[in-house]
Amino acid sequence: MPLRLYNTLAKRVEPFVPADAARITFYSCGPTVYDDAHIGNFRSFLAADLLRRWLESPLCRVARSPDDAEGVPGPRTVVQVMNITDVGHMTDDASADGGGEDKMQAAARRLAEAKKAGKLPPGAAVDPGDPYAIAAFYAERFKEDARRLGLRVVQDADRDPTLMPRATRSVPGMIAMVERLIAKGHAYAVGPAGRQTVYFSVQSFPEYGRLSGNTLDRLREGAGERIDAAHQAEKRHGADFLLWKSDPTHVMKWPSPWGEGYPGWHVECSVMALARLDPDHARGEIDLHSGGEDNIFPHHECEIAQSCAFTGNPLYARMWFHPRFLLVEGEKMSKSKGNFFTARDLFARGHEPAAVRLELIKTHYRSNANFTEQGLKDSAKRIEGYRRFARCVYYAMNGGLSKTELSFEVESCIDAVSAFADALNDDINVAEAISAVDMGTLIGMGGASSSMSRFMQTWHEFEHRATAINLPDSPMAASQALDDFQSGQSIYHRAWGALHLLDGILGVVFSPQHQAIQTDLGVFVGVDPSPEVEALLRDRAEARRAKDFARADAIRDRLTAMGYAIKDAPGGKVEVRRA
């Protein structure tokens, strides 16, 4: 079955049919770089990354027409663009015009106060009076976090910066778009010469409201409280939205035919998307557009209107993909509630980026995800289960086992690939996909199953050696993984290829991690052997040899309280990890 997705524009799950099944154009609304991105932001970005990785996979089939029941297999090229917004995004972004102040101006004031109080972020040698420096500082921090979480668009942009365009570097294109919209009768300027404001005329675009349901009739009635009557006198219609604002006092401004000022937030994305993905306007559309559900209205509704009016094409994006909000411990994220986290907050607390990634992607994108501390720990344990299986396969593949020993158990990983693909082709059903990986790596079978018992019995015999194997920090190329999966020289080679195919999408197994460190006491995985911990482990080993199990258990409890998980291995050795 080819990939099917929920299209916000069509209000249904339907086949994803790009213009060219071999090359997909994908635009993702990116961050406004006035502060560090929080985990709610990254939930949306990672959902888009999961979709992008699946589209690139050789396992993903894409339809050539709505009636195509077979589809075209991958791999394929996905050209993904993610913008960096560094001007024009106002603090009241629920309003189509934007209200309050520019978020970059708010960042400047916040940093100035932090500098005065001596509380600037570490390494923040930034002038609070320079909005460009502020944007550069937070943009780089965003990219650092995104790289650690495995966002491919950021990795691509390291090689090709045009894939992450900045609004401040795209203003000439925005002015050109506004001029053309005025010339075509879709926009108008009001106010005295040199101090004009330009609005898009929603009445010139009959399809306005199709994405969000906020049609002109509903907006005229004030549905959703989107119209502020006190600021509508100069508009032809209350829902007309801002394209350009002349304001010589604004923190960032550019000369224009209407006066010195700045662009509206919505026009920025239209220009940056088309400039990179359809530069000659040959198609007038892109295949796929993503953003958080809060972007549906007004941002994406306005983006559709101005883009279609500009190109003359009835569609701007063929498919609209909107992940839902993230809750934290069952509540809306809020600094006042103490449940507001940035990605780097979690990294600083010792959580592995792969665990953060899995916790943020494991819930279906059209359901509200609930991020919890326990869930994060569970995701870390799940990843370690995958890695244990991967080490076992690697060990076996390199002669650690006979060609038939454990072959039945390892074959489960090969069988998982089909179920994994079916799940992701069904509107990116990631929960079912993860369940398939759980079963394929045996961690979903439970300790009571006969397969797991046989597996663990053999595993314990060489676990102390396999644990010391350091896995690759990235999956192998999809083409090589597919070749190994389909025609590897042994069942272990085929399972190794399967693991790489699966993790090429999940991005959590073969990822940068602390290397395993072998000592005379055992193996330290993800932690450095400190003198204090080593001393306690030696005391515990001595207590176990003396059969003083009460003392040994007390030392284990102390290590647990210090944040370490201790697992006994054959030969009196131990395996030490973060709890």
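Using the working numbering, you'd call the opening residue of the sequence shown number 3 and step up by one each time.
We put the beta carbon where it would ideally sit given N, CA and C, even for glycine.
Could you tell me the distance, in whole angstroms, from the CA atom of residue i to the CA atom of residue j?
i, j, result
"S67", "F323", "19 Å"
"T87", "S30", "12 Å"
"A189", "E236", "13 Å"
"A571", "M106", "54 Å"
"G574", "L57", "47 Å"
"D147", "A345", "7 Å"
"V419", "P4", "15 Å"
"V535", "A356", "25 Å"
"F487", "D550", "49 Å"
"F327", "N297", "11 Å"
"P77", "M478", "14 Å"
"M321", "E270", "20 Å"
"T34", "L279", "21 Å"
"A24", "C62", "12 Å"
Is it the case that the Cβ atoms of residue i and residue j are separated by a distance below 8 Å?
i, j, result
"S258", "R197", "no"
"F28", "D289", "yes"
"R55", "Q82", "no"
"N427", "R6", "yes"
"A241", "L218", "yes"
"N216", "F299", "yes"
"R593", "V511", "With the chain covering 3 to 581 only, the question about residue 593 has no answer from this structure."
"V253", "D104", "yes"
"F202", "L221", "no"
"M274", "S369", "no"
"G506", "A480", "yes"
"E582", "Q157", "Lying outside 3 to 581, the shown extent of the chain, residue 582 is not represented and no answer is given."
"V525", "R580", "no"
"L501", "R45", "no"
"P423", "N431", "Checking the sequence, you will find Ala at residue 423 rather than Pro. Result no, Cβ atoms of A423 and N431 do not sit closer than 8 Å."
Does the Cβ of residue i have 16 or more other Cβ atoms within 10 Å, making it buried, or fewer, making it exposed?
i, result
"M564", "exposed"
"S489", "exposed"
"H302", "buried"
"F139", "buried"
"E115", "exposed"
"P17", "buried"
"T562", "exposed"
"P208", "exposed"
"K603", "The chain is shown from 3 up to 581; residue 603 falls before or after that span and cannot be answered."
"Q308", "buried"
"E142", "exposed"
"E386", "buried"
"P174", "exposed"
"T10", "buried"
"P626", "Residue 626 lies beyond the residue range present for the chain, which begins at 3 and ends at 581; the question has no answer from this structure."
"V64", "buried"
"D51", "buried"
Using DSSP bridges, identify the partner residues of residue i.
i, result
"G263", "S248 and W256"
"S292", "S30 and F323"
"Q198", "In DSSP, Q198 forms no bridge with anything."
"G524", "V576"
"R189", "Inspection of the sequence shows that residue 189 is occupied by Ala rather than by Arg. Answer by DSSP bridge pairing, in chain order: F202."
"P17", "R6"
"A567", "R579"
"D429", "None, per the DSSP bridge assignment."
"L328", "A371"
"F243", "F202"
"M84", "S30"
"E333", "V330"
"I519", "F526"
"R168", "I86"
"H40", "T344"
"V74", "V64"
"R25", "T79"
DSSP state of residue i, grouped into three classes?
i, result
"D230", "Unreliable placement is indicated for D230, whose pLDDT of 47 sits below 50; the coordinate value is still reported in the next sentence. D230 falls in the coil class under three-state DSSP."
"Y8", "strand"
"I385", "helix"
"E142", "helix"
"T79", "strand"
"E103", "strand"
"V395", "helix"
"M454", "With a pLDDT of only 49 at M454, under the threshold of 50, the placement of this residue in the model should not be trusted; the figure read from the coordinates follows. Reduced to three states, the DSSP call for M454 is helix."
"G224", "With a pLDDT of only 41 at G224, under 50, the local geometry of the prediction cannot be trusted, and no value is derived from it."
"V155", "helix"
"Y210", "coil"
"G175", "helix"
"F512", "coil"
Please confirm whether residue i has its beta-carbon closer than 8 Å to some beta-carbon of chain C.
i, result
"A114", "The structure shown contains no chain C, having only a single protein chain."
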